[in-house]
Amino acid sequence: MLTASQRLQAFANPTRFMALSGRLVAPLGVLTAAVMAVGLYFALFASPPDYQQGETVRIMYIHVPSAWLSLFVYSVMAVASGVALVFRHPIADVCAKAAAPIGAAFTFLALVTGSLWGEPMWGTWWVWDARLTSVLILFFIYLGYMALRATIDDPHAATRPAAVLALVGFVNVPIIHYSVNWWNTLHQPASVFRIDGPTVASSMLVPLMTLAVGFTLFFVVMLLVRMRAEVLRRRVRAMSLRRAEG
Amino acid sequence: MGRAIAALIARDLRLAVRAGGGGGMAVFFFLITVSVVAVGVGPNLSLLAQIAPGILWVALLLSSLLTLERLFQADLEDGTLDLLAMGPLPLEAIAAAKAFSHWLTTGLPLLVAAPLLGLLLNLPVNVFPPLILSMAIGTPALSFLGAIGAALTVGVRRGGLLASLLVVPFYVPVLIFGVGAADEAISGAPPGVMLQALSLLGAVTLASLVIGPVAAAAGLRAALK
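Residue numbers (this note's numbering), protein chains in the order written: chain A, -10 to 235; chain B, 32 to 256.
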C-alpha cells in the first residue's frame, strides 16, 4: 500500500508528470473551448441587458471571473510554494513559477475590464476605491514575484526566495485588503461607488457561472502547458550545462 | 544568546557610525525628497499643510528603502554572514538583530528629522504629536518588512532596486494607518478614531516583527547555500 505522501511524491516525479499532463492537455483544451463558447454565447447574446447598466453589464461576465481567478491563482501559487519550500518537490516549484504570469494576466484583465466598465458607469476610468486599490497592489505583488524569478538565472537557486516571497505575500494580501478598506471608508463614503443594483437574476447567473468554470479550466490548461514548457526548459538547460562541462 | 545579539547590534551601530553612508544619507534623502515635492506642488501653504502627513510618510518610506540594499549584502560579500551563520545564533535572531540596528540607524534618525520637515510643510501644531507617534510605531515595520526584501535579493545583481519593488506593496498598510492617524488629527476627528489607526498600525508592526525575521532567515539560508 502506498501512503498518501508517497502517492503525492509519485506525481512530483517530472517524468510521470510529463506523461500524465501530456495526455490531459488536449481533452481539457477541448472542454475549455466548449465551456467558454457556451458561456460567451449566453453572456453576449442570450442574456438580457441590465435595466440600470444596459449593455455594459456584459463586461461583468469577463470582469468577475478574472477578478476571482486573480485571487485563486495566487492561492494556487502560495500552496505550490509551500510544498516546494517544505517538501522540495520540483514540480511544485515549476507550478508556482508557471502560475505567476497567468495570475498577473488575469489581474491585469480584471483591472482593464473594470476600468472600461467604470468609464460609462462611474464617469471615470479609475477611482481609488478600496477594491481597485487592493487589486492593483495584488498586481504589483505578482510583478515583484516575476521580477525576482527573472533576476535569478539558476531555476533551483530561485526556488526558495520565490517561495518565501509568495508565502509572505499570501499572509499580506488579506492585511492589505483590510487596510485599504479602512482607508477608503475613511476618506469617501463607500455608498457612492457601491452599485446597489438588483440581486443577480438567474439569466445573468448562468453566463457568469459558466464563464467562471470556463476561465478556471482555461487556467488549468494554461498552467499545464506552461509547466510542461518549464520542465522541458530545465531539461534543456541541464543538458547543455552537462555538454559544456564536457 | 542575549550577549551575542547585543554584540551584533553594537557592531552594526559602530559600522554605521564609522563607515558612514547609512543613516545620514537616508536623512539627507528624506530632506531632499520633501523639498522637491514642496517645489513640485507649489508654495501654497494651506495645500501643503493638508497633504504634509502624506508627503512626510511617503518620503520616509522611500528613504528607508534606500538603505535596505546594505542590510545583508556587505556581510554576504565579505563572508561575515557565513561566520554568523556558523555561530551560536539562529539566522532568525541574526535577521532580527540586523533589522533592529537598521531601524536604529535609519528609522530613528528619520523620526527625529520629521518634525523639522513638518515645519517646512506648514504642518499644523496639533498634528505633530499623532504624526510623530505614528512614525515611532510604524518605522520598525519598515525595517523588519524591508529585511525580507533585502534577504531575498541578497545574492542578486542590482538587488537594491528589486528589493524596493518587492517590499513596497507590503508597506501599504503601514502607510495607510500611519497617514490615517495624522489625517484624523487634521480633520479634527475625536481621539478615539485616531487611536484606532494607531492601534491597527501597532498590530501591523507586531506582525512584521514576527514575519520579518522568519522570512528573512529563510531567504538568507537560500543565499548561503
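Don't be surprised by glycine CBs; every beta carbon is placed ideally from N, CA and C. Computed from a prediction, not measured in an experiment: that's the story for all the values here.
Inset, instruction - Just list the alpha helix (DSSP H) runs in the segment 0 to 85 of chain A, keeping only unbroken ones of 4 residues or longer that don't cross its boundaries, in chain order. - result: 3 to 30, 46 to 76
Legend entry - Interface positions of the segment 96 to 110 of chain B facing chain A (Cβ-Cβ less than 9 Å), listed along the chain: none
Legend entry - C-alpha distance - Trp134/B paired with Pro171/B, whole-angstrom precision: As a first step, residue 134/B is located in the second sequence; it is residue number 103 there, counting from the start. As a first step, residue 171/B is located in the second sequence; it is residue number 140 there, counting from the start. Distance between the alpha carbons of Trp134/B and Pro171/B is about 6 Å.
Legend entry - Length of the line joining the Cα atoms of Arg215/A and Val157/A: Within the first sequence, the letter at position 226 stands for residue 215/A. Within the first sequence, the letter at position 168 stands for residue 157/A. Their Cα atoms are separated by approximately 24 Å.
Legend entry - Backbone CA spacing between Leu231/B and Phe208/B [nearest angstrom]: By 1-based counting over the second sequence, the position of residue 231/B is 200. By 1-based counting over the second sequence, the position of residue 208/B is 177. As the crow flies, the alpha-carbon of Leu231/B is around 7 Å from that of Phe208/B.
Inset, instruction - Could you pull out every residue in the same chain whose Cβ sits closer than 6 Å to the Cβ of Gly186/B, ignoring the five residues on either side in sequence? - result: What you label residue 186/B is simply residue 155 of the second sequence in a count that begins at 1. Cβ within range, chain order: Ala254.
Legend entry - Short CB-CB distance (under 9 Å) between Leu193/B and chain A: Counting from 1 along the second sequence, the entry for residue 193/B is found at position 162. It does: the Cβ of Leu193/B has a partner Cβ on chain A nearer than 9 Å.
Legend entry - 9 Å Cβ cutoff, Val46/A in contact with chain B: Here residue 46/A refers to the residue found at position 57 when the first sequence is read from its first residue. With 9 Å as the cut-off, Val46/A does not count as an interface residue toward chain B.
Legend entry - Separation of Val68/A from Ala201/A, as counted between CA atoms: Along the first sequence, one-based indexing puts residue 201/A at 212. Along the first sequence, one-based indexing puts residue 68/A at 79. C-alpha separation (whole angstroms): 21 Å.
Inset, instruction - Could you tell me if Phe59/B is buried or exposed, where buried requires 16 or more neighbouring beta carbons within 10 angstroms of its beta carbon? - result: Mapped onto the second sequence, residue 59/B falls at position 28. The residue is exposed, with fewer than 16 neighbouring Cβ atoms inside 10 Å.
Legend entry - Short CB-CB distance (under 9 Å) between Pro38/A and chain B: The count along the first sequence starts at 1 and reaches residue 38/A at position 49. The C-beta of Pro38/A comes no closer than 9 Å to any C-beta of chain B.
Inset, instruction - Examine chain B for any beta-carbon lying closer than 9 Å to the beta-carbon of Trp57/A, and answer yes or no. - result: The residue labelled residue 57/A in the question sits at position 68 within the first sequence. No, Trp57/A does not count as interfacial toward chain B.
Inset, instruction - Kindly list, in the order they appear in chain B, the residues whose Cβ is closer than 9 Å to that of Thr140/A. - result: As a first step, residue 140/A is located in the first sequence; it is residue number 151 there, counting from the start. In chain order: Thr184, Val187, Arg188, Arg189, Gly190, Leu193.
Inset, instruction - Below 6 Å CB to CB, which residues in the same chain sit around Ile184/A once its five sequence neighbours on both sides are set aside? - result: As a working note, residue 184/A is residue 195 in the first sequence. With a pLDDT of 49 at Ile184/A, under the threshold of 50, the predicted position of this residue should be treated as unreliable, though the coordinate-derived value follows. If we look at Ile184/A and ignore the five residues flanking it on each side, it has no Cβ neighbours.
Legend entry - Start-to-end residues for the alpha helix (DSSP H) that takes in Gly235/A: If you number the first sequence from 1, residue 235/A lands on position 246. Taken as a continuous stretch (DSSP letters only), Gly235/A belongs to no alpha helix (DSSP H), as it is neither H nor E.
Inset, instruction - Have a look at Gly118/B and Leu107/B and give me their C-alpha separation to the nearest angstrom. - result: Here residue 118/B refers to the residue found at position 87 of the second sequence. Here residue 107/B refers to the residue found at position 76 of the second sequence. For Gly118/B and Leu107/B, the gap between their C-alpha atoms comes out near 15 Å.
Legend entry - Whole-number beta carbon distance between Ala99/A and His52/A, since they are thought to touch under 8 Å: Taking the first sequence and counting its residues from 1, the one referred to as residue 52/A is at position 63. Taking the first sequence and counting its residues from 1, the one referred to as residue 99/A is at position 110. Taking 8 Å as the upper bound for CB-CB distance, His52/A and Ala99/A are in contact here, some 6 Å apart.
Legend entry - Where Ser168/A meets chain B, residues with beta-carbon distance less than 8 Å: As a working note, residue 168/A is residue 179 in the first sequence. Within 8 Å Cβ-Cβ: Val203, Pro204, Ile207, Phe208, Leu231, Val235.
Inset, instruction - For Ile179/B, go through chain A and note every residue whose CB falls closer than 7 Å to its CB, in chain order. - result: To locate residue 179/B, count along the second sequence from 1; it is residue 148. In chain order: Val157.
Inset, instruction - Leaving aside the five residues before and after Tyr202/B along the sequence, list all residues of the same chain whose C-beta is less than 7 Å from its C-beta, in chain order. - result: Indexing the second sequence from 1 puts residue 202/B at position 171. Excluding sequence neighbours, Tyr202/B sits near Leu92, Leu173, Leu176.
Inset, instruction - With a floor of 4 residues, list each alpha helix (DSSP H) that falls wholly inside the segment 143 to 205 of chain B, ordered by position along the chain. - result: 159 to 183
Inset, instruction - Tell me where the alpha helix (DSSP H) around Arg49/B begins and ends. - result: Indexing the second sequence from 1 puts residue 49/B at position 18. Where Arg49/B is concerned, the enclosing alpha helix (DSSP H) stretches over 33 to 50.
Inset, instruction - Using a Cβ-Cβ cut-off of 9 Å, state whether Val158/B counts as contacting chain A. - result: Reading the second sequence from its first residue, position 127 is the one you call residue 158/B. No, its Cβ sits nowhere closer than 9 Å to a Cβ of chain A.
Legend entry - Buried versus exposed, by CB contacts within 10 Å (16 or more), Val72/A: Indexing the first sequence from 1 puts residue 72/A at position 83. It is buried - the Cβ of Val72/A has at least 16 other Cβ atoms within 10 Å.
Legend entry - Continuous alpha helix (DSSP H) stretch holding Ala220/B: start and end: What you label residue 220/B is simply residue 189 of the second sequence in a count that begins at 1. Taken as a continuous stretch (DSSP letters only), Ala220/B belongs to no alpha helix (DSSP H), as it is neither H nor E.
Inset, instruction - Look at the alpha carbon of Ala37/B and the alpha carbon of Leu193/B, and state the distance between them as a whole number of angstroms. - result: Numbered from 1 along the second sequence, position 6 holds the residue referred to as residue 37/B. Numbered from 1 along the second sequence, position 162 holds the residue referred to as residue 193/B. Whole-angstrom Cα-Cα distance: 30 Å.
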